[in-house]
Amino acid sequence: MLNTMTTTHRLGERTCAALRVSDQKVRHAAAQLCKQYPETPWLEASQRADRAYAAGQMYHFRLWGRVTRVLRGRCGTDPRH
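Each residue of the sequence shown is one higher than the last, beginning at 45 in this note's numbering.
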């Protein structure tokens, strides 16, 4: 029983590590959206995050969620600032 729990716990750690989004990928995606959607790049990133979540794509959900936060902070539309 203990071996089964340990194996499951280790698998969870690998799965979590696979979903990590690098800062470089976030910066690159944010720059691309700023070029493609100069008026509201944060809105496009938010919509992409919503679509990824609905499709069960957790890596892309995290990526676009982080891009949204970066862009909202850059554009000055983040109500928390």
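Using N, Cα and C, we set each Cβ at its ideal position, and we do this for glycine too.
I need the boundaries of the alpha helix (DSSP H) containing residue i, first residue and last residue.
| i | result |
| --- | --- |
| V65 | V65 -> no alpha helix (DSSP H), and no H or E assigned at all. |
| Q91 | 85-99 |
Do you know how far the Cα of residue j is from the Cα of residue i?
| i | j | result |
| --- | --- | --- |
| H72 | A98 | 23 Å |
| F105 | D67 | 15 Å |
| L87 | R116 | 9 Å |
| V70 | R92 | 13 Å |
| V111 | A89 | 6 Å |
| L63 | Y103 | 5 Å |
| R118 | Q101 | 26 Å |
| K79 | P85 | 8 Å |
| R113 | Q76 | 15 Å |
Taking 7 Å as the limit between beta carbons, can you name the residues of its chain near residue i, skipping five residues before and five after?
| i | result |
| --- | --- |
| W108 | A89, R92, A93, A96 |
| T52 | The predicted model places T52 with a pLDDT of 47, which falls under 50 and marks its position as unreliable; any figure quoted below should be read in that light. So no residue of the chain qualifies. |
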